[in-house]
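Comments concern the structure below.
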Amino acid sequence: MKGEISKDFVEGCRAILVDKDKNPKWEPRRLEDMKDSMVEQYFERVEREDDLKLPPRNNLPALGIAKL
Numbered sequence: 001m002k003g004e005i006s007k008d009f010v011e012g013c014r015a016i017l018v019d020k021d022k023n024p025k026w027e028p029r030r031l032e033d034m035k036d037s038m039v040e041q042y043f044e045r046v047e048r049e050d051d052l053k054l055p056p057r058n059n060l061p062a063l064g065i066a067k068l
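Now the structure itself:
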């Protein structure tokens, strides 16, 4: 996906936030009409990008640690 916004994301925002009709017009309209390639694009590795490097948990500020 490489930072692209899908048409369905925009349509969902329109239906909930803009027109507030709660009636999005998805494409495809039914789950049965989805193709594997439509889903796989969201799980492809992004080339030319380094993996995200997160700090070890012990280096997190106090606000970043959950209180159990």
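With the first letter of the sequence shown counted as 1, position 27 gets the number 27 in full-length UniProt numbering; the numbers rise by one all the way through. By construction, the Cβ of each residue, glycine as well, lies at the ideal position given by its N, Cα and C atoms. Note that the coordinates shown come from a computational prediction; the quantities given were computed from them, not determined experimentally.
Our two residues, Lys35 and Asp21, have alpha carbons roughly 28 angstroms apart in a direct line.
In this structure, Glu11 lies near Pro24, with their beta-carbon atoms less than 7 angstroms apart.
Minimum Cα-Cα distance from Glu4 among the listed residues Ser37, Pro55, Val46 and Asp50 corresponds to Val46. By alpha-carbon distance to Ser6, the top candidate from Glu49, Arg48, Tyr42 and Asp50 is Tyr42.
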